[in-house]
Structures are given as structure tokens and as C-alpha cells.
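Let me begin by presenting the structure, written as C-alpha cells, before commenting on it.
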Amino acid sequence: MGKFTFRKEERLSKEKQIQELFDKGSSFYLFPFKVLFLPQADPASPVHQVLISVSKRNFKRAVDRNLIKRRMREAYRLQQQFLPATPRLSVAFIYTHKQPLLSAELQGKMRQTLVKLGKMALSPP
1070 MGKFTFRKEE RLSKEKQIQE LFDKGSSFYL FPFKVLFLPQ ADPASPVHQV
1120 LISVSKRNFK RAVDRNLIKR RMREAYRLQQ QFLPATPRLS VAFIYTHKQP
1170 LLSAELQGKM RQTLVKLGKM ALSPP
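So the working numbering is basically just the index in the sequence shown, starting at one, shifted up by 1069.
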């Protein structure tokens, strides 16, 4: 397993888990992301699970949405070491900006977001 990977088991895809994340999860906003997170119910889960979303309302063309999602996945893949190993989290990154950002800018913002997410996940509720 490489350090900079984003494998299938790291993707949040089960509808029940996604619904639980949106219903019970905590959230914060750090430009250009709205972030929802929830500690995973299964403590034996080996990895954090991530959902990446871009609004069709802000980006009508699918190629624009796909470009932003691709850049977000790459930014997460390269910056995920800033997220603490425990507790395992289910996380949703929702892109809220009206314009696409360059990859370098997006990576910097993702780093800031993951550092803040790590601090919030480790702090007691």
C-alpha cells in the first residue's frame, strides 16, 4: 500500500452511510469546501472514507464538475497525511465556490481543511 493512494475502500459509497453522515454528522465551512464528518460506527474500519461532491447548480456542464472532482480527489490523495489516523472518519467534501480553482490553490485549501478537520475530530464533543 502506497502512502499517496485513494483506493476504492476509501470512497464513501453506501447510501445508508451517506444518509447517516448528512443526518448526524458535524460540519464546518472553510472556503471553498463545506465539510461534513462523522466518526465511523465500525471501529475496525481500516481507512477514512471520503465523499466528494460538486453542485450541478453552480456548474451546469458535466465536464466542469468532473474537472473539479478530479482535482479534489488528487488534492485529497496528496494531502491525506494531515488527517490523523484515529478516529476513523466518514467525510464529505462539498465544493461551494462558483468558479473552478487551480490545482495548486485547491491543494493548499485541502491541506488547511484536513488540518482543521483533524483538530475537530480529536477534540471532545
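Positions of the beta carbon are idealized from the N, C-alpha and C atoms, including for glycine.
Cα-Cα separation between Arg1134 and Thr1182, rounded to whole angstroms: The count along the sequence shown starts at 1 and reaches residue 1134 at position 65. The count along the sequence shown starts at 1 and reaches residue 1182 at position 113. Their Cα atoms are separated by approximately 20 Å.
Three-state class that DSSP yields for Arg1080 in the structure shown: Looking up residue 1080 in the sequence shown gives position 11. When secondary structure is reduced to three states using DSSP, Arg1080 falls in the strand class.
Distance between Thr1165 and Asn1127 (C-alpha atoms, nearest Å): Along the sequence shown, read from residue 1 onward, the residue named residue 1127 stands at position 58. Along the sequence shown, read from residue 1 onward, the residue named residue 1165 stands at position 96. The C-alpha of Asn1127 lies about 8 Å from the C-alpha of Thr1165.
Test item: CB-CB of Leu1170 and Arg1142 under 9 Å: Your numbering for residue 1170 matches position 101 in the sequence shown. Your numbering for residue 1142 matches position 73 in the sequence shown. Not in contact: Leu1170 and Arg1142 (Cβ atoms no closer than 9 Å).
Proximal residues to Leu1081 (C-beta, below 8 Å), its chain only, five neighbours per side dropped: For this step, residue 1081 is matched to residue 12 along the sequence shown. The answer, listed in chain order, is Ile1087, Leu1090, Gln1118, Val1119, Leu1120, Ser1159, Val1160, Ala1161.
Span separating the alpha-carbon of Leu1175 from that of Ala1144: For the purposes of this step, residue 1175 is identified with residue 106 of the sequence shown, where counting begins at 1. For the purposes of this step, residue 1144 is identified with residue 75 of the sequence shown, where counting begins at 1. Using only the alpha carbons, I get a separation of about 7 Å.
Inside the stretch 1122-1187 only - beta strand (DSSP E) runs reaching at least 3 residues: Within the stretch 1122-1187, the complete beta strand (DSSP E) segments at least 3 residues long are 1158-1164, listed from N- to C-terminus.
Spatially closest choice to Ala1110 from Met1179, Gln1149, Ser1124, Lys1085, by CA coordinates: As a first step, residue 1110 is located in the sequence shown; it is residue number 41 there, counting from the start. The shortest C-alpha separation from Ala1110 is found at Lys1085.
Lys1138 to Lys1129 span [Cα, whole Å]: Counting from one through the sequence shown, the residue named residue 1138 turns up at place 69. Counting from one through the sequence shown, the residue named residue 1129 turns up at place 60. For Lys1138 and Lys1129, the distance between alpha carbons rounds to 14 Å.
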